[in-house]
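**Student:** With our numbering, the residue at position 58 of the sequence shown is 41, and numbering never jumps.
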Amino acid sequence: MFTPSSPKTLLRRALPLLGAVWLLAGCATSGSGGAAPEASVGGSATYRERIALPPGAVFEAKLLDVSLADAPSVTLGSMRVTDPRVPLNFTIAYDPARIEKRHRYIVSATIRHGEQLLFITDTAHPVLGDTGLRQVDLLLKRVEPAPQAAPASR
């Protein structure tokens, strides 16, 4: 049979529970725990050739700052996928604090098998900066292997 508890009994039972909830709420974090906030650019990548990639091939997409013509580009973010299937959707995370409105940013991509470059983007795909774009569609071009040197004859 149910008997109602006195208000004091209810309070004694509820206080420890409220204290535990308060402690757990203090442990929760909103955000990334002090890490830099992230933003992203993304899109899809494909190639026209109707060929399968070899096992172990690696797709890599990079967000690059290409503002300085006489200096190497600066990589702001990248992502890799082993054994990709096309079309491949990708997302590159980056720190928005590193983006400057007047700079030029592009997305570049490659597909490699070991040390051999198989496919590459051969045109600039601008994002962020003046364009404000955050999505790009990349068409990778096949890279023909360098011809083997003929053995020297005596």
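Cβ atoms here follow ideal geometry from the backbone N, Cα and C, with glycine treated the same way. All values derive from a computational prediction rather than experimental measurement.
Out of Met62, Thr65, Ser50, Glu98, state which residue places its alpha-carbon closest to the alpha-carbon of lysine 84.
**Tutor:** Of the listed residues, the one whose Cα sits closest to lysine 84 is Ser50.
**Student:** When you compare the CB positions of phenylalanine 42 and alanine 92, do they come within less than 8 Å of one another, or not?
**Tutor:** Yes, these two residues count as a Cβ contact at 8 Å.
**Student:** Anyone know if the C-beta pair for isoleucine 75 and serine 27 falls short of 8 Å?
**Tutor:** Cβ atoms of isoleucine 75 and serine 27: not closer than 8 Å.
**Student:** Beta-carbon of proline 109 versus every beta-carbon of chain D: anything under 8 Å?
**Tutor:** Given the protein chain composition of this structure (a single chain), no chain D is represented.
**Student:** Does DSSP put tryptophan 5 in a helix, in a strand, or in coil?
**Tutor:** Residue placement at tryptophan 5 is flagged as unreliable, the pLDDT there being 41, under the threshold of 50; the coordinate-derived value follows with that caveat. Tryptophan 5: helix per DSSP, three-state reduction.
**Student:** Per DSSP, what kind of secondary structure is alanine 92 in: helix, strand or coil?
**Tutor:** Three-state DSSP puts alanine 92 in a strand.
**Student:** At which residues does the beta strand (DSSP E) containing arginine 63 begin and terminate?
**Tutor:** Per DSSP, arginine 63 belongs to the beta strand (DSSP E) from 57 to 65.
**Student:** Between Tyr88, Pro128, Glu127, which lies nearest to proline 55 when the distance is taken from Cα to Cα?
**Tutor:** Of the candidates Tyr88, Pro128, Glu127, the one whose C-alpha sits nearest the C-alpha of proline 55 is Tyr88.
**Student:** Beta carbon of isoleucine 103: closer than 7 Å to some heavy atom of the ligand SAH?
**Tutor:** By its list of ligands, the structure shown contains no ligand whatsoever, and the ligand SAH lies outside what it can speak to.
**Student:** State yes or no: is the C-beta of valine 110 within less than 8 Å of the C-beta of valine 119?
**Tutor:** It is a contact, given that the beta carbons lie within the stated cut-off.
**Student:** Would you mind stating whether alanine 44 and valine 90 have Cβ atoms separated by less than 8 Å?
**Tutor:** The answer is yes: Cβ separation under 8 Å.
**Student:** Buried or exposed for tyrosine 77, please, with buried defined as at least 16 other CB atoms from any protein chain shown within 10 angstroms of its CB.
**Tutor:** Buried, by the Cβ-count rule.
**Student:** Within a Cβ cutoff of 6 Å, which residues of the same chain sit near threonine 65, ignoring the five residues on either side of it in sequence?
**Tutor:** Contacts found: Val41.
**Student:** Please state whether DSSP places arginine 87 in a helix, a strand or coil.
**Tutor:** Here arginine 87 sits in coil by DSSP.
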